[in-house]
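Asker:
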Amino acid sequence: MKTAISLTPDDSPDLADRLNNLGLWLSTRFERTDMVEDLDYAVEAAKKAVKLTPESHQHYAGYLNNLANSHGKRFQRTSTVDDINCAIEASSRAVKSKSRKHPGFLNSLGVWLCARFETSGELMDLDHSIEAVRRAVDITSPSHPDRSAFLNTLGTSLSRKFERTDSVKDLNEALDIFTQCLGATPRDGPNFASTLNNLGICHGMRFERAGSIADLDHAIERTHESVVSTPHGHPQLPNRLNSLGNQLRARFQRTGATQDLEHAIDAAEKAIKIATKTHPHYPTYLSSLANKLSLRFERTNEVHHLDRAIELIDEAIQGTPLSRDSLAAYYNNLGSSLRTRYEKVGRESDIARAIEASNKAVDLTARDHPDISSYLNTLGNVFGSRFHRTDSLDDLDRCIKNITKAVEAMPQDHPDRSVIINSLGNGLDKRFEVTKSAGDRDSQMQWLLQAWNSKAAAPSQKIRAAGSAAYVYIQRKEWAKASALLREAVLLLPKVSPRFLAHADRQSLLSSLSGLTSMAAAAALSANKGPYEALRLLELGRGLISGFVMDIRTDTSELNLEYPGLAKEFDRVRDEMATWQRKQERFRKADEEFDVLLQEVRGKFWFETFLLPPTEAELMIAATPDPIIVVNVAFYRCDAFIIEGTGITTIELPDLSQRRLRAWASFPSARSELASRLEWLWDALGHPCLNALSLTSPVLDNKWPHIWWIPTDALSCIPIHAAGRHDQGSTETVLDRAMSSYALTIKSLFHGRKRELVSARGPERKSALLVPMRNTPGSGKLPYVLEIPGIPLPFRV
């Protein structure tokens, strides 16, 4: 084409058309090669075509539109503001020409107005973009092949408006539009992968706004399919990898599944590897990877991940074009990461930089921007971190002031509001400890109860709020309120640890909630709820993970005798859930099937308590013939539950101390200290518990009583069986009075008792098969197998 143009006379009526076509082809080639030189030539060719064409010409508007698109693409690649302004000017002229009803021109105008909004943050540009593209969609036939592209543009502008205004109506419309687009776009069409990516991003946005895990699963499915549908070498592949990584990161933050974080990091690393450093989105990819590495540090505690994250964010800031929103996000991430490293390493320069970066993030952000809450929260937490090292009340005041602003700026129904409220509660609690201001305590309780009662909050955040509020109730000795709140919090625990998480991930997630069930049991006793209610709460919490593992392996032989079809279906779903390598989406569906089947089984006669925590009667069965001692350790009281075949009693243990037990567990005893610690454990725990069982003297007749110990908190790491006075001639030891065994939960003991009963009873068998194998491959010889023929006939088959 270049040759044809060079041979075309300047006054030829064909020159403008040929220049226009050259610009189109160069622009199209750029989309595959990412060569900016092609765009430079495309812009020049389009300019000449427009200049050579009178405004009355039928193709004049089309040439203007192509010029606008070339300028716009170059802006997207280079971030040159003059290009986006030229693109909008050319598009506007095309729309205002006599061909103004052409929907393609309206769509182009909408695209470039939205692109300028990304840089300027001017909401007017976005509103005009939506208005133009709506007109394009309205005048386009539903069967027209370009309509899906126009819908895609409209969906993009609406999703950007949601990001700016937090309007859920705009987000839901964008989702509907992208869903329509996907249905109307051929799988082998050029827009299929981009539509998938846009739809996935919108699902991710709705998850962030509403907290539905189903939206997050859809986001991951769509962005993953978009990556798979994008050819290697395509300039949009890094962007789509980045989108996939962000959705995986979001699911890791919601569920704690480490494999999601690792896949997210892998996608982010690939995006950086294949993107050119001069691309305007390159800083975005750097920042995305930095966020994920910071999360990996939080999980592994390996500082080198955090060091690299900070380096990446610094590089992103240096390479960021003039975009206030992007810069604000990067400064916020930098402040957060520097704060984390300060807490880990204690470097003063880190906290000074963290404050500077966090302030910049807030200063760059409009007060009505949806992200302002997050940035204010980061700034507040940075001051809070410095307070923890300096005890400066001024830092604590700034912490509370900024986090309060963050909460007030966030919508009531936002799922992250409770996260920020919990931060605010921590700050108010710290200031109360310093100033003893009743106003701070009252404010703390108001905020925490608001988080607890939020319908939008994640279960883990509701539980954290409940635990903090219950702590205050306990300090005030308002036992009934503390007990009621903690009971409801414990009942939420299964939702915090869903079965689709791997075992180690469930443990990590629940570790942040440690002590909640012990506190609930203690509060129940203080509120005079009785031993069984307290023990039931303790058992529910402690058995959450271990109980689940037993549940999916529970023997269903009794169910099979009565309802064989139901037992078979239960086993199928159980086996699928036990295969941890299953795709997470399918695993969640199996989880739902499991719950439905459980309800069906429990609706059958005799199976009403199938896979539930033991009833009071079952607890006593578990303690037959050997008693069980459950020791509950809470911050303000310790108790022993004595379970025997005849009933359940409790003993308060005033000399047992959670603080002392934790110190022992954290710092193992030197040999010289061990004796005194074991004596204390005897006085505080062993002696009163054995006395309650009437085990008051050493065993002399070799008829040893057997005790099952179920310790909690730090006591789980301490040898209760060794408690005692081990001076020569002393018999004041647990070892002298009973044999000890340990269990994690009563439920585990109850299942053990059931297995023993089933094994002892066993199904009646009329035959047995004996197969003589003297030589077994891979094993030693069995010389006595020749005796099998000598077994009496009644015992042979």
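For reference, each letter of the sequence shown is one residue, going 62 to 858 in the working numbering. Ideal Cβ positions, reconstructed from N, Cα and C, are used throughout, including at glycine.
#1: Would the segment 173 to 188 and the segment 199 to 207 be scored as touching if the rule is three or more Cβ pairs under 8 Å?
#2: Just checking my contact of residue 158 with residue 121 at CB under 8 Å: how many whole Å lie between their CB atoms?
#3: Helix, strand or coil, according to DSSP, for residue 191 in the structure here?
#4: Would you report the Cα separation of residue 826 and residue 655, rounded to the nearest angstrom?
#5: Closest to residue 448 by C-alpha separation, out of 407, 200, 472, would be which residue?
#6: Going by CA-CA distance only, name the one from 269, 545, 344 that's closest to residue 312.
#7: Give me the DSSP bridge partner(s) of residue 700.
#8: Count the other CB atoms, across all protein chains shown, that sit within 10 Å of the CB of residue 117; report buried if there are 16 or more and exposed otherwise.
#9: Helix, strand or coil: which one does DSSP assign to residue 391?
#10: Beta-carbon within less than 6 Å of residue 797's beta-carbon, same chain only, minus the 5 sequence neighbours each way: which residues are those?
#11: Over what stretch of residues does the alpha helix (DSSP H) that includes residue 124 continue unbroken?
#12: Note down, one range per segment and in chain order, each alpha helix (DSSP H) of at least 4 residues found wholly within the segment 317 to 371.
#13: May I ask you to list the residues that DSSP assigns as paired with residue 800?
#14: Quick check on DSSP: helix, strand or coil for residue 592?
#15: Mind checking whether residue 624 and residue 657 have CB atoms under 9 Å apart?
#16: For residue 267, count neighbouring C-beta atoms within 10 Å of its own C-beta (all shown protein chains included) and say buried if the count is 16 or more, exposed if not.
#17: Below 9 Å between beta carbons: does that hold for residue 765 and residue 782?
#18: Where does residue 785 fall in DSSP's three states?
#19: Would residue 489 pass as a contact of residue 461 if the rule is Cβ separation under 9 Å?
#20: Please report the distance separating the alpha-carbon of residue 220 from that of residue 360.
#21: Based on the DSSP secondary-structure assignment, which residues constitute the bridge partners of residue 772?
#22: Could you give the uninterrupted runs of the beta strand (DSSP E) lying entirely in the segment 402 to 456, keeping only those of 3 residues or more?
#23: Are the C-beta of residue 222 and some C-beta of chain B separated by less than 9 Å?
#24: Based on the DSSP secondary-structure assignment, which residues constitute the bridge partners of residue 708?
#25: Based on Cα-Cα distance, which residue from 376, 321, 296 lies nearest to residue 307?
#26: To the nearest angstrom, how far is the alpha carbon of residue 80 from that of residue 101?
#27: Please name the residue or residues paired with residue 94 in a DSSP beta bridge.
#28: Residue 794 bridges to which residues according to DSSP?
#29: For a test of the three-state rule: what should DSSP assign to residue 673, helix, strand or coil?
#30: Identify which residue in 228, 775, 597, 778 has its Cα closest to the Cα of residue 677.
#31: Would residue 135 and residue 104 be called neighbours here (beta carbons separated by less than 9 Å)?
#32: Figure out for me which residue from 518, 425, 495 has the closest Cα to the Cα of residue 274.
#33: Using a Cβ-Cβ cut-off of 6 Å (strictly less than) and excluding sequence neighbours within five positions of residue 78, which residues of its own chain qualify?
#34: Roughly how many whole angstroms lie between the Cα atoms of residue 746 and residue 756?
#35: Can you give the beta carbon distance from residue 174 to residue 190, rounded, assuming they're within the 8 Å contact cut?
#36: Per DSSP, what kind of secondary structure is residue 73 in: helix, strand or coil?
Answerer: Reading off the structure:
#1: Three or more beta-carbon pairs separated by less than 8 Å are not found between the segment 173 to 188 and the segment 199 to 207, which leaves the two stretches without contact.
#2: Correct: roughly 6 Å between the Cβ atoms.
#3: Reduced to three states, the DSSP call for residue 191 is helix.
#4: With a pLDDT of 48 at residue 826, under the threshold of 50, the predicted position of this residue should be treated as unreliable, and no value is reported.
#5: Checking every option, the nearest Cα to that of residue 448 belongs to 407.
#6: Closest by alpha carbon: 269.
#7: Residue pairing by DSSP places residue 700 opposite 693, 713 in a beta bridge.
#8: Under this definition residue 117 is an exposed residue.
#9: Three-state DSSP puts residue 391 in a helix.
#10: Only 759 meet the Cβ criterion.
#11: Segment 121 to 139, the alpha helix (DSSP H) holding residue 124.
#12: Here the runs fully enclosed are 319 to 335, 343 to 361.
#13: DSSP lists 767 as the bridge partner or partners of residue 800.
#14: DSSP, reduced to helix, strand and coil, places residue 592 within a helical segment of the structure shown.
#15: Contact: no.
#16: Of the residues assessed, residue 267 falls on the buried side of the cut-off, its CB having 16 or more other CB atoms within 10 angstroms.
#17: Not in contact: residue 765 and residue 782 (Cβ atoms no closer than 9 Å).
#18: In the displayed model, residue 785 falls within a strand according to three-state DSSP.
#19: Their beta carbons are under 9 Å apart, which means residue 489 touches residue 461 by this criterion.
#20: Approximately 32 Å, taken between the alpha carbons.
#21: Under the DSSP definition of a beta bridge, residue 772 partners with 692.
#22: Complete beta strand (DSSP E) runs here, min 3: none at all.
#23: The displayed structure is made up of one protein chain only, and chain B is not part of it.
#24: In the DSSP assignment, residue 708 forms a beta bridge with 705.
#25: Of the listed residues, the one whose Cα sits closest to residue 307 is 321.
#26: Each residue's Cα considered, the two are about 13 Å apart.
#27: Paired residues: none, contrary to the question.
#28: Bridge partners of residue 794: 785.
#29: Correct three-state label for residue 673: coil.
#30: The shortest C-alpha separation from residue 677 is found at 597.
#31: One thing to note: residue 135 has its Cβ within 9 Å of the Cβ of residue 104.
#32: When only C-alpha atoms are compared, the closest one is 518.
#33: The answer is none, since no qualifying residue turns up.
#34: The alpha-carbon atoms of residue 746 and residue 756 are separated by roughly 13 Å.
#35: Right, the Cβ-Cβ distance comes to about 4 Å (below 8 Å), so this counts as a contact.
#36: Residue 73: coil per DSSP, three-state reduction.
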